[in-house]
Amino acid sequence: MLTKEQIAQRIAQELQDGYYVNLGIGIPTLVANYVPTGINVILQSENGLLGMGPFPTESEIDADLINAGKQTVTILSGSVFFDSATSFAMIRSGRVDLTVLGAMEVNDKGDIANWKIPGKMVKGMGGAMDLVASAQNIIVAMQHTNRSGASKLLSKLTLPVTGLGCVKKIVTNLCVIDVTSRGFELKELAPGISINDVQNATEGNLIVDGEIPKIKF
Amino acid sequence: MLTKEQIAQRIAQELQDGYYVNLGIGIPTLVANYVPTGINVILQSENGLLGMGPFPTESEIDADLINAGKQTVTILSGSVFFDSATSFAMIRSGRVDLTVLGAMEVNDKGDIANWKIPGKMVKGMGGAMDLVASAQNIIVAMQHTNRSGASKLLSKLTLPVTGLGCVKKIVTNLCVIDVTSRGFELKELAPGISINDVQNATEGNLIVDGEIPKIKF
Amino acid sequence: MNKVVKNADDAIQGIQDGMTIMLGGFGLCGIPENSISSIVKAGIKELTCISNNAGVDDFGIGLMLQSKLVKKMISSYVGENAEFERQLLSGELEVELLPQGTLAERCRAAGAGIPAFFTPAGFGTEIAEGKESREFEGKQFIMEKAFDSDFAIVKAWKGDTDGNLIYKATARNFNPMMAMAGKITIAEVEELVRPGELDPNFIHTPSIFVDRIFEGTDYEKRIEQRTIRQN
Amino acid sequence: MNKVVKNADDAIQGIQDGMTIMLGGFGLCGIPENSISSIVKAGIKELTCISNNAGVDDFGIGLMLQSKLVKKMISSYVGENAEFERQLLSGELEVELLPQGTLAERCRAAGAGIPAFFTPAGFGTEIAEGKESREFEGKQFIMEKAFDSDFAIVKAWKGDTDGNLIYKATARNFNPMMAMAGKITIAEVEELVRPGELDPNFIHTPSIFVDRIFEGTDYEKRIEQRTIRQN
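Right, here's the structure in full:
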C-alpha cells in the first residue's frame with residue numbers, strides 16, 4: 043500500500059522537463075515535493091500565477107501572493123502574474139501539460155466526479171470543471187476505496203459528474219491504472235498488493251494483461 | 043458651404059467633457075483641432091492607444107508609437123497602451139462615447155456604406171465595422187454629394203453596407219442632419235445654403251420642421 | 104470630468120436594493136474592503152453578488168451575509184463560511200455555482216461586447232442543463248452568456264485620477280475583467296496618483312473602464328491560509 | 104527545456120509549404136522582421152497569412168508577396184502595396200477581409216480555448232454571409248470562430264529565456280493574442296534577458312504561450328506615415 047506521499051512520488055515520475063503543471067488540493071499538492079532532479083517543471087496556479095514557489099518564510103509572507111488553495115506562497119525567477127481570464131485561457135487552450143486532481147469517483151470511461159455530494163453542503167467546482175474539460179493529460183490521485191470501503195473506480199458514477207472521458211491515469215494507494223478505451227488497465231502494483239486485491243477493490247472493468255510490475259521509486 | 047475644417051469645427055461642438063472619442067481618417071481627424079476650451083476629451087486609437095497626443099516633433103518620433111492611420115503620434119499624461127483585443131473590447135462594449143467617421147453613403151435609416159466600391163480594389167474595413175456596430179453615438183463627416191454631384195444621403199444604399207441603423211448625426215458641407223426614425227431631420231444650415239439647396243442635394247427622405255437655424259461657430 | 108470620489112460611501116452612491124453587483128477578489132485576496140464596509144453600513148439589500156468566493160464569516164462578503172444583504176451569490180467556490188451555509192440551508196440565500204473559468208470569461212465577455220461564447224467547461228454536467236450545447240471540431244461545448252451587472256467594484260494596488268489601474272501579484276485575479284464588465288465601475292486603490300505617474304506601457308485596466316475611483320484606507324488584507332516554511 | 108533558438112532561421116524550422124501562419128503587427132509597427140526575412144530566404148510558399156495588414160511593397164509581408172510565397176491573406180486592411188493589388192487582380196492571391204476587432208477576437212478565442220463567439224461587427228453586411236446570426240437582448244450578432252493556425256510569429260520588445268514577453272507602446276497591437284493562438288508560437292525580441300529580469304507583475308505574454316524565442320538583429324522599424332509637427 044502506498045502512503046499519500048508515495049502516491050505523489052509515483053505521480054512525480056510522470057513529470058517531464060519543461061512541463062507546465064496544475065496541481066489540485068490534497069495529495070496532488072504533494073507532487074511538487076518529488077520533482078525528479080535535473081528536470082524543471084513550472085507550476086500553474088489558476089488564480090493567476092505561473093511559476094509558483096515554496097511557502098514563504100515568516101518574513102516573506104505577502105497577503106497579495108497566494109495560490110488557488112488560498113495559501114501564502116512565493117515566486118521564482120521567471121514567474122508571472124496574470125488575471126483569471128488569461129489563466130483559464132491557458133487551461134482551456136491546452137497549454138497546461140499535466141493536471142493532477144483528487145477524485146471522489148472515476149469510471150472506466152474516464153469520467154470523473156469530484157465536486158458534489160448530494161445532500162451535503164456543496165462548496166463548488168472552482169476551476170475543476172475547466173481543468174478536466176481542457177487538459178490533455180489528467181492524472182487522478184486518490185485512495186482506491188472510500189472510507190466505508192466501497193470502490194471509487196466504478197463502471198458507473200453515482201455522484202454528479204465533473205467532466206467526461208478525461209482521466210488518463212489513476213494512481214491510488216493500491217496501484218497505477220491507465221484509463222483506455224478498454225477500461226481500467228492495471229499497469230503497476232503497490233508493494234504488498236496483489237492483482238486480486240486490486241480486482242476486489244475495483245468495481246469497474248479492470249483489464250489485467252500479462253505480468254504487472256511493482257511500482258518503482 | 044462649410045470647408046472641411048468647418049465641418050470638423052461644427053462636430054467638435056458635440057464633444058463633452060470626459061468623452062472618449064474615436065476619430066476616423068480624413069475630416070474626422072481634424073475634429074481634434076477644435077476641442078472647445080475648458081473640456082477634456084480622450085482620443086482612442088483602435089490599434090491600442092487611449093489618450094493620443096499631437097504629432098511628434100522630429101526628435102520625438104518613435105516608430106513603435108503610431109495611431110490607427112499609421113501616423114507617428116505622441117502620448118499625454120494618463121495615456122495607456124493595450125492590445126487589439128482590449129481595444130475592440132472597449133469599442134464593442136460601448137465605452138467609446140463618440141465615433142466620428144467618413145462615409146461614401148448614408149441612408150435615411152442610418153445605414154452607412156464606407157468600405158467598398160464594387161469593381162475597385164477593396165482595401166478593407168479595418169475597424170469601421172466594429173465601430174459602427176457598437177458605438178452609441180456615431181457622427182458622419184462628409185461632403186453632401188459625391189464628385190459627380192450625386193447625393194450621398196439616400197433612401198437606399200447603392201454600395202455595400204458597413205453597418206445598419208447606426209448613424210445618429212451627419213455634418214456635411216451644406217448642413218447638420220439628425221437621423222431619426224422619421225428620416226433625415228434637417229437641424230442647421232451652412233452659411234449661404236438654403237433649405238432648397240439641401241433638398242436638391244438629398245435623395246433620401248428629408249424632414250424640415252419649422253425654422254432651421256444657421257450653424258454657429 | 105472628475106472620476107475621483109472622496110471615499111467608499113460616496114463611491115457606492117446609486118447602488119440600490121435588488122441590484123446585481125460584481126466584487127473582485129479571489130478568496131480574501133484583492134477584495135474591495137472599503138466598499139464592502141460601506142455597503143454593509145448603508146444596508147443595501149437583496150443584492151445579487153457575482154464574486155468568485157463569498158468571504159469568511161467575519162470578513163469580505165461574509166460581512167454582507169451577516170447583515171443579510173445578499174439574496175443570491177454567483178460564484179465558483181463558496182462555504183468557507185458557517186453563516187453562508189446556514190442561510191443556504193434555510194433557503195434565505197440562493198447560490199448559482201459556475202466553473203471558475205466560465206465565471207471569468209462571462210465577466211470578460213460583458214466587458215468586451217461579446218453576448219455569448221462557447222466553452223468546454225461543464226459539458227455533460229448539471230452545469231450544462233438548460234444551456235445550448237454544440238460540437239466544434241469533434242469536441243463538445245456549451246454556450247455561456249455575458250453577465251449583466253449594474254455595478255462592478257474592484258480593488259487595485261495603484262490607480263491614477265484618470266482611472267488607470269494596476270494590480271499587485273495575485274490580487275489581480277478577477278478584478279480586471281470585472282472592471283471591464285460593470286455598467287458602472289468603482290475602483291478602490293491603495294494609492295491614488297496623478298496621471299502620468301503610472302507607466303502607460305504597464306497598466307492593467309485602461310481608464311476608460313473606470314467610472315469612479317478613490318483611495319481606500321485601513322486595508323486589513325486578511326490571510327485565509329497562512330502557510331509558512333521553516334527556514 | 105530550452106526555448107531559446109539561435110536566430111530566425113532556426114526559429115522557423117517546421118514551417119512548411121501550405122501552412123497557416125499568424126504574423127503580429129499593425130501596419131509596419133511591431134512586425135517580426137527577422138522571421139519574415141528568414142521565411143523569404145527559405146522560400147516557404149503557398150502560405151495562408153493571418154495578419155492585420157499586408158505590409159508595403161518592399162517591407163514586411165510585402166517581401167513575402169514579392170517572392171510569391173502567399174496564397175491567401177486574412178486581414179482587416181490591405182493594399183498599401185502595388186504588388187499585392189497586382190496579385191489580387193490577377194487571381195494569384197486570395198484575400199479574406201474581416202473586421203479588425205473580429206480578427207483580434209478570433210485570435211484571442213483560439214488562445215483561450217473558445218471555439219466560437221458572437222460579435223455585432225459585420226451583421227447585415229456581406230461579412231455575415233454564410234455565418235450564423237442570432238439576436239441577444241434585442242440586438243443582432245453573428246457567430247465567428249477561433250482561428251486555426253499552425254504557427255504564430257510575434258515581435259516583442261523584451262523577452263526572457265523562459266518565454267515571458269513585454270511589448271513597447273503601440274507595437275503591442277495583435278502580438279499578444281497571436282502569441283496565445285499559435286499551435287507553435289515563435290517570439291523574436293529586441294532584447295533577450297534572463298528569467299527574473301522582467302517584473303512578474305508587468306508581463307504582457309506569460310511564458311506558457313511561447314515555444315521558441317530568439318533575440319533579433321538589425322531592426323529597421325520602418326515608419327509608414329512619418330507625420331511631424333513644427334515645434
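Protein chains in written order, with the numbering used here: chain B, 43 to 259; chain Y, 43 to 259; chain G, 104 to 334; chain R, 104 to 334.
Quick reminder that beta carbons are idealized off the backbone N, C-alpha and C, glycines included.
All values reported here derive from a predicted model rather than from experimental measurement.
Completely contained alpha helix (DSSP H) runs for the segment 183-259 of chain R, where each covers 4 or more residues: Runs found: 185-192 and 203-215.
Spatial neighbours of PHE130(B) in its chain, beta-carbon cut-off 6 Å, leaving aside the 5 residues before and after: As a first step, residue 130(B) is located in the first sequence; it is residue number 88 there, counting from the start. Correct list, in chain order: ASP172.
Residue-level contact to chain R via CB, THR128(B), 8 Å cutoff: By one-based count along the first sequence, residue 128(B) stands at place 86. Yes, because at least one Cβ of chain R sits closer than 8 Å to the Cβ of THR128(B).
Cutoff 8 Å: GLU235(R) Cβ touching any chain G Cβ: Residue 235(R) sits at position 132 when you count from the first residue of the fourth sequence. So, not an interface residue.
Contact list for MET132(B) against chain R, beta-carbon separation under 8 Å: Translated into the one-based positions of the first sequence, residue 132(B) becomes position 90. Per Cβ cutoff of 8 Å: PRO309, ILE311 and PHE312.
Spatial neighbours of ASN109(B) in its chain, beta-carbon cut-off 8 Å, leaving aside the 5 residues before and after: Position 67 of the first sequence, counting from 1, holds the residue named residue 109(B). Closer than 8 Å at Cβ, skipping near neighbours: SER87, ASN89, LEU91, MET94 and VAL115.
Proximal chain G residues relative to PRO218(R), where beta-carbon distance stays under 8 Å: Here the question's residue 218(R) lines up with position 115 in the fourth sequence. Under the 8 Å cutoff, chain G gives PHE221, PHE239, GLU240, LYS242 and PHE244.
Limits of the beta strand (DSSP E) - the one that THR308(R) falls within: The count along the fourth sequence starts at 1 and reaches residue 308(R) at position 205. Unbroken run through THR308(R): none, as it is neither H nor E.
Given 8 Å, three or more beta-carbon pairs between the segment 237-248 of chain Y and the segment 114-133 of chain G: With a cut-off of 8 Å on Cβ pairs, the segment 237-248 of chain Y is not in contact with the segment 114-133 of chain G, counting fewer than three such pairs.
Positions along the segment 253-277 of chain G whose CB lies within less than 9 Å of some CB in chain R: Those residues of the segment 253-277 of chain G that come within reach of chain R (Cβ to Cβ, closer than 9 Å) are TRP260, ILE269, TYR270, LYS271, ALA272 and ARG275.
Where the beta strand (DSSP E) containing ILE133(Y) begins and where it ends: Translated into positions along the second sequence, residue 133(Y) becomes position 91. Note, ILE133(Y): premise wrong, no beta strand (DSSP E); alpha helix (DSSP H) at 126-134.
When GLY182(R), GLY266(R), GLU323(R) and GLY319(R) are compared against GLY282(R), the one with the closest alpha-carbon: Locating residue 282(R) in the fourth sequence gives position 179, counting from the first residue. In the sequence under discussion, the amino acid at residue 282(R) is Ala, which differs from the Gly named in the question. Of the candidates GLY182(R), GLY266(R), GLU323(R) and GLY319(R), the one whose C-alpha sits nearest the C-alpha of ALA282(R) is GLY266(R).
Assigned exposure category for TYR62(B) - 16 Cβ within 10 Å defines buried: What you label residue 62(B) is simply residue 20 of the first sequence in a count that begins at 1. The residue is buried, with at least 16 neighbouring Cβ atoms inside 10 Å.
Cβ shell of GLU197(G) (< 7 Å), same chain only, five flanking positions each side left out: The count along the third sequence starts at 1 and reaches residue 197(G) at position 94. Same-chain partners within the cutoff: LYS174 and LYS175.
Alpha carbon of SER24(B) to alpha carbon of VAL164(B), nearest angstrom: Because chain B in this structure spans residues 43 to 259, residue 24(B) falls outside the shown range and cannot be described.
Proximal residues to THR205(G) (C-beta, below 6 Å), its chain only, five neighbours per side dropped: Mapped onto the third sequence, residue 205(G) falls at position 102. Answer for THR205(G): THR222, ALA224 and GLU247, listed in chain order.
Alpha helix (DSSP H) segment containing GLU293(R), residue limits: Position 190 of the fourth sequence, counted from the start, is the residue given in the question as residue 293(R). From DSSP, GLU293(R) is part of no alpha helix (DSSP H) but of the beta strand (DSSP E) over 287-296.
Three-way DSSP call (helix, strand, coil) for GLU245(B) in this model: Residue numbering aside, residue 245(B) sits at position 203 when the first sequence is read from its first letter. It is coil, neither helix nor strand.
Burial state of LEU191(R) (16 or more Cβ within 10 Å): Within the fourth sequence, residue 191(R) is the residue found at index 88, counting from 1. The residue is buried, with at least 16 neighbouring Cβ atoms inside 10 Å.
C-beta neighbour in chain Y for ALA224(R), strict 8 Å: By 1-based counting over the fourth sequence, the position of residue 224(R) is 121. Answer yes: the Cβ-Cβ gap between ALA224(R) and chain Y drops below 8 Å somewhere.
Rounded straight-line distance, which links the Cα of ASP251(B) to that of VAL257(R): For this step, residue 257(R) is matched to residue 154 along the fourth sequence. For this step, residue 251(B) is matched to residue 209 along the first sequence. Going from the Cα of VAL257(R) to the Cα of ASP251(B) covers about 48 Å.
Distance between beta carbons of THR200(B) and SER193(B), contact taken as under 8 Å: As a first step, residue 193(B) must be located in the first sequence, where it is residue number 151. As a first step, residue 200(B) must be located in the first sequence, where it is residue number 158. In fact, because the Cβ distance is near 11 Å, the residues do not count as touching under 8 Å.
Which residues DSSP lists as bridging VAL122(Y), in chain order: Here residue 122(Y) refers to the residue found at position 80 of the second sequence. Residue pairing by DSSP places VAL122(Y) opposite LEU92(Y) in a beta bridge.
Residue nearest to ALA290(R) in terms of C-alpha spacing, selected from ARG297(R), LEU301(R), TYR270(R) and PRO298(R): Reading the fourth sequence from its first residue, position 187 is the one you call residue 290(R). Of ARG297(R), LEU301(R), TYR270(R) and PRO298(R), the residue nearest in Cα terms is TYR270(R).
Buried/exposed call for PHE250(G), threshold 16 Cβ in 10 Å: What you label residue 250(G) is simply residue 147 of the third sequence in a count that begins at 1. PHE250(G) is buried by the Cβ-count criterion.
Minimum Cβ-Cβ distance from MET104(G) to chain Y less than 8 Å: Reading the third sequence from its first residue, position 1 is the one you call residue 104(G). Closer than 8 Å to some Cβ of chain Y, the Cβ of MET104(G) qualifies, so yes.
Test item: CB-CB of ALA36(Y) and PRO70(Y) under 8 Å: Lying before the first or after the last residue shown, residue 36(Y) is absent from chain Y, which here runs from 43 to 259.
Extent of the continuous beta strand (DSSP E) run through MET176(G): Start at 1 with the first residue of the third sequence, and residue 176(G) comes out as number 73. It spans 173-178 - the beta strand (DSSP E) in which MET176(G) sits, taken as one unbroken run.
Cβ distance (whole Å) where LEU195(Y) is taken to contact ILE212(Y) below 8 Å: Along the second sequence, one-based indexing puts residue 195(Y) at 153. Along the second sequence, one-based indexing puts residue 212(Y) at 170. Contact holds; Cβ gap of about 7 Å.
Backbone CA spacing between ASN155(G) and GLY166(B) [nearest angstrom]: On the third sequence, position 52 is the one that residue 155(G) refers to. On the first sequence, position 124 is the one that residue 166(B) refers to. If I take the Cα positions, the gap works out to 10 Å.
Proximity test, Cβ basis, 8 Å: ASN156(R) and chain G: Taking the fourth sequence and counting its residues from 1, the one referred to as residue 156(R) is at position 53. False, the Cβ-Cβ gap to chain G never drops below 8 Å.
Distance between GLY66(B) and SER193(G) (C-alpha atoms, nearest Å): As a working note, residue 193(G) is residue 90 in the third sequence. As a working note, residue 66(B) is residue 24 in the first sequence. Straight-line Cα distance between these residues: approximately 31 Å.
Where ALA155(B) falls: helix, strand or coil (DSSP): Residue 155(B) sits at position 113 when you count from the first residue of the first sequence. Strand at ALA155(B).
Within-8 Å CB hit, TYR76(Y) to chain G: Your numbering for residue 76(Y) matches position 34 in the second sequence. So, not an interface residue.
Spatial distance of LEU44(B) from GLN51(B) (CA atoms): If you number the first sequence from 1, residue 44(B) lands on position 2. If you number the first sequence from 1, residue 51(B) lands on position 9. Approximately 10 Å between the Cα atoms of the pair.
PHE97(B) (DSSP reduced to helix, strand or coil): Residue 97(B) sits at position 55 when you count from the first residue of the first sequence. Three-state result, PHE97(B): coil.
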